[in-house]
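A.B. asks:
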Amino acid sequence: MTQELEQLRERALADLEQAETPEALEAWRVAYLGRSGEVTLSLRGIGQLPPEERPAAGQMANQVRLQLTEAYETRQATLETAALDESLRAEALDVRLPGRPPSLGYLHVITQVLREIYTIFGQMGFHVYRSPEVEDDVTNFQMLNIPPHHPARDMWSTFHTTDAGVLLRTHTSPGQIHAMRAYHPEPFRVILPGKCYRYEQVTTRSEHMFYQVEGLAIGQNITMADLKGVLESFVKEMFGPERKLRFRASYFPFTEPSAEVDVDCILCEGEGCQLCKHSGWLEVLGCGMVHPTVLRNGGYDPEAYTGLAFGMGPERLAMLKYGIPDIRLFYSNDLRFLRQFA
Ligand code: PHE
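Encoded structure:
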């Protein structure tokens, strides 16, 4: 009997070495230590032995059971450790990898130019005043001295809505009326930035939608010299002291006298090119002294008050500043273009 037990132990231990998986280990346990496993059966068989053999056989059988149980537990621990190591290796998270940074947005080039304009005029005491993009015919035209059938309306091809008299503003000048009525009767200085809309052919110089920044200063001794001074300071701040500008006599129904300001074309340096219509100059703004009728419409007495006004196109300014040949690039959402201003 002791010999059989010895063989059983050797066989069981050898088998255990072969058990590589939890399933094989469990099968081994059932086969040897389970309720009808070999070791259990041997222990039960001891009762059938002749009495003189029982003590030695019993002792040995118990020893074998203990040894095998210990060996089983050791094997089980070894397999668990190996399984854990394997899963740690397989699911390893390499924390040394650089993270993926979320990509940051940036300001559109026109927003950047607008902010620069706000800063420059801010230094000259101008506040930003917001006025609506959807206007009525009265404010966009009539209050600005442009009656219904006036030929000057041809200067602003208009998007009308299906509501009679409601339109998308063609310029920021109706904001002059809103600002005057808000500040009246005090003197004030504001700029009015925002989008404008024109029903026109799209070209390298003009778009359906574009920005304007209107400027308006109302006070008691404002003259044409102030207008020139403000605009000259602005252009030099914006483009550098070497930039040339010229005032060209012009006509707007809401200013008298009126002028347009041109800056020498940055693309051709004044030689003449497609951008500047071969004139060497780019028109960047319209301006003038506020017309008495407009002052009156805003609530000011034209005998006591005068005002200067101007309206500039930030896209044109950006084209000049960065040498951009086509206005359509700004709003066609081509990231290759826009990223250059990140
Ligand atoms: N509103 C004019 C335009 O859109 C520009 C302008 C503004 C002219 C203020 C004079 C004074 O063309």
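Take 1331 as the starting number for the sequence shown in our numbering and just add one per residue. Idealized CB from N, CA, C, for every residue including glycine.
Among the residues of its own chain, which have a CB less than 7 Å from the CB of I1654, if the five just before and after it don't count?
C.D. replies: Closer than 7 Å at the Cβ level, and outside the excluded window around I1654, lie A1648.
A.B. asks: In the DSSP assignment, what are the bridge partners of C1595?
C.D. replies: BP columns for C1595 are empty, so no partner.
A.B. asks: For F1671, which option in P1477, E1382 and V1443 has the closest C-alpha, if you only look at C-alpha atoms?
C.D. replies: Per the Cα distances, V1443.
A.B. asks: Express the C-alpha separation of V1360 and C1393 in angstroms, rounding to a whole number.
C.D. replies: Residue 1393 is actually Gln in this sequence, not Cys. Roughly 18 Å separates the two Cα atoms.
A.B. asks: For E1537, count the other beta carbons within 10 Å of its own beta carbon; 16 or more makes it buried, fewer makes it exposed. Which is it?
C.D. replies: With 16 or more other Cβ atoms within 10 Å, it is buried.
A.B. asks: Kindly give me the distance between the Cβ atoms of F1471 and R1483, rounded to whole angstroms, as I take these residues to be in contact under 8 Å.
C.D. replies: Between R1483 and F1471 the Cβ distance is about 7 Å, and since that is below 8 Å, they are a contact.
A.B. asks: Determine the extent of the alpha helix (DSSP H) in which F1671 is found, giving its start and end residues.
C.D. replies: Element bounds for F1671: n/a, residue is neither H nor E.
A.B. asks: Which class does W1358 belong to by DSSP, given the choice of helix, strand or coil?
C.D. replies: The answer is helix: DSSP assigns W1358 an H, G or I state.
A.B. asks: With a floor of 3 residues, list each beta strand (DSSP E) that falls wholly inside the region 1517-1553, ordered by position along the chain.
C.D. replies: Fully enclosed beta strand (DSSP E) runs of 3 or longer: 1518-1527 and 1539-1549.
A.B. asks: Check whether the Cβ of Q1604 sits closer than 8 Å to any heavy atom of the ligand PHE, and report yes or no.
C.D. replies: No, the Cβ of Q1604 stays beyond 8 Å of every heavy atom of the ligand PHE.
A.B. asks: In whole angstroms, what is the alpha-carbon distance linking L1335 and T1408?
C.D. replies: Each residue's Cα considered, the two are about 26 Å apart.
A.B. asks: Let me know the secondary structure DSSP gives D1466 once reduced to three states.
C.D. replies: Correct three-state label for D1466: strand.
A.B. asks: Buried or exposed, going by whether 16 or more other CB atoms sit within 10 Å of the CB of R1419?
C.D. replies: Its Cβ having fewer than 16 others within 10 Å, R1419 is exposed.
A.B. asks: Heavy atom of the ligand PHE less than 8 Å from the Cβ of F1640, yes or no?
C.D. replies: Yes, Cβ of F1640 sits closer than 8 Å to a heavy atom of the ligand PHE.
A.B. asks: From which residue to which residue does the alpha helix (DSSP H) around F1451 run?
C.D. replies: Here the alpha helix (DSSP H) through F1451 covers V1439 to Q1453.
A.B. asks: Within 10 angstroms of the Cβ of T1500, are there 16 or more other Cβ atoms? Answer buried if so, exposed if not.
C.D. replies: By the neighbour-count rule (16 or more Cβ atoms within 10 Å), T1500 is buried.
A.B. asks: At what residue ranges does the region 1568-1645 contain a whole run of the alpha helix (DSSP H), taking only runs of 4 or more?
C.D. replies: As far as the region 1568-1645 is concerned, its whole alpha helix (DSSP H) runs of at least 4 residues are 1622-1627.
A.B. asks: Counting Cβ pairs, one atom from each stretch, are 3 or more of them under 8 Å apart for the region 1556-1573 and the region 1587-1600?
C.D. replies: At 8 Å Cβ cutoff, the stretches touch.
A.B. asks: Contact defined as beta carbons within less than 8 Å: I believe P1504 pairs with L1474. What is the distance between those atoms, to the nearest angstrom?
C.D. replies: With a Cβ gap of about 7 Å, P1504 and L1474 count as contacting.
A.B. asks: Which partner residues does V1457 have in the DSSP bridge list?
C.D. replies: Val is not the amino acid found at residue 1457; the sequence shown has His there. Its beta-bridge partners are V1520.
A.B. asks: Measuring CA to CA, which of P1644, I1507, S1563 and A1413 is closest to T1441?
C.D. replies: The candidate whose alpha carbon is nearest that of T1441 is P1644.
A.B. asks: Contact defined as beta carbons within less than 8 Å: I believe V1464 pairs with L1498. What is the distance between those atoms, to the nearest angstrom?
C.D. replies: Their Cβ separation, rounded to whole angstroms, is 6 Å, which keeps V1464 and L1498 in contact under 8 Å.
A.B. asks: According to DSSP, is L1418 part of a helix, a strand, or is it coil?
C.D. replies: Three-state DSSP puts L1418 in a helix.
A.B. asks: Indicate whether the contact test is met: 3 or more Cβ pairs, each with one atom in the region 1446-1459 and one in the region 1514-1521, closer than 8 Å.
C.D. replies: These segments touch.
A.B. asks: What residue range is occupied by the uninterrupted alpha helix (DSSP H) comprising L1371?
C.D. replies: Segment E1368 to G1375, the alpha helix (DSSP H) holding L1371.
A.B. asks: What separation, rounded to the nearest whole angstrom, lies between the Cα atoms of I1552 and A1639?
C.D. replies: Near 11 Å, if we compare the C-alpha coordinates of A1639 and I1552.
A.B. asks: May I ask you to check if the CB of H1480 is nearer than 8 Å to at least one heavy atom of the ligand PHE?
C.D. replies: H1480: no, Cβ never under 8 Å from the ligand PHE.
A.B. asks: For R1496, list the residues DSSP reports as bridge partners.
C.D. replies: Per the sequence presented here, residue 1496 reads as Val, with Arg not at that position. V1496 is bridged to D1466.
A.B. asks: For A1354, I'd like the list of residues in its chain whose CB is within less than 8 Å of its CB, leaving aside the five on either flank, ordered along the chain.
C.D. replies: For A1354, where only same-chain residues beyond five positions count, the Cβ hits under 8 Å are Q1348.
A.B. asks: May I ask which residues mark the beginning and end of the alpha helix (DSSP H) holding Q1333?
C.D. replies: Looking at the DSSP string, the run of the alpha helix (DSSP H) that includes Q1333 is T1332 to Q1348.
A.B. asks: Return the Cβ separation of Y1529 and F1489 in integer angstroms, given the expectation that the two are a contact with Cβ distance under 8 Å.
C.D. replies: Their Cβ separation, rounded to whole angstroms, is 5 Å, which keeps Y1529 and F1489 in contact under 8 Å.
A.B. asks: Considering only C-alpha positions, which residue in the set F1660, P1622, F1582 and E1567 is nearest to Y1448?
C.D. replies: Answer by Cα proximity: E1567.
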